[in-house]
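Data first, discussion second: the structure below is written as structure tokens.
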Amino acid sequence: MSTTSPARRFTDSLETGTQPEQVELAIRQALDRGLTSPRRLWAAVAERPDRTRQFIERILTEVTA
Numbered sequence: 000m001s002t003t004s005p006a007r008r009f010t011d012s013l014e015t016g017t018q019p020e021q022v023e024l025a026i027r028q029a030l031d032r033g034l035t036s037p038r039r040l041w042a043a044v045a046e047r048p049d050r051t052r053q054f055i056e057r058i059l060t061e062v063t064a
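Residue numbers (numbering that gives the first Met the number 0): 0 to 64.
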């Protein structure tokens with residue numbers, strides 16, 4: 000049985016129309032709780048569309064600043 004990583008779930012959610020505010024909150028909570036890491040999120044967006052990549056990169060820049 001396979002599971003989807005939080006990083007993958009965030010990118011998929013953005014691309015299927017989930018409200019960006021909800022995704023941003025989920026990313027911040029997952030990082031705070033140690034459910035994912037900035038490194039995993041950077042890797043997850045490497046091959047994604049520009050809109051998705053830029054959205055998550057903005058959050059990571061704010062969180063890691």
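Positions of the beta carbon are idealized from the N, C-alpha and C atoms, including for glycine.
Which of helix, strand or coil DSSP assigns to residue i
i	result
Leu-34	coil
Thr-3	coil
Glu-46	coil
Counted within 10 angstroms of its Cβ, other Cβ atoms place residue i as buried (16 or more) or exposed
i	result
Leu-30	buried
Ala-64	exposed
Thr-82	The shown model of the chain, from 0 to 64, leaves out residue 82, and the question about it has no answer.
Ala-6	buried
Continuous alpha helix (DSSP H) stretch holding residue i: start and end
i	result
Thr-60	49-63
Residue i versus residue j: straight-line alpha-carbon distance, rounded
i	j	result
Ala-45	Thr-51	10 angstroms
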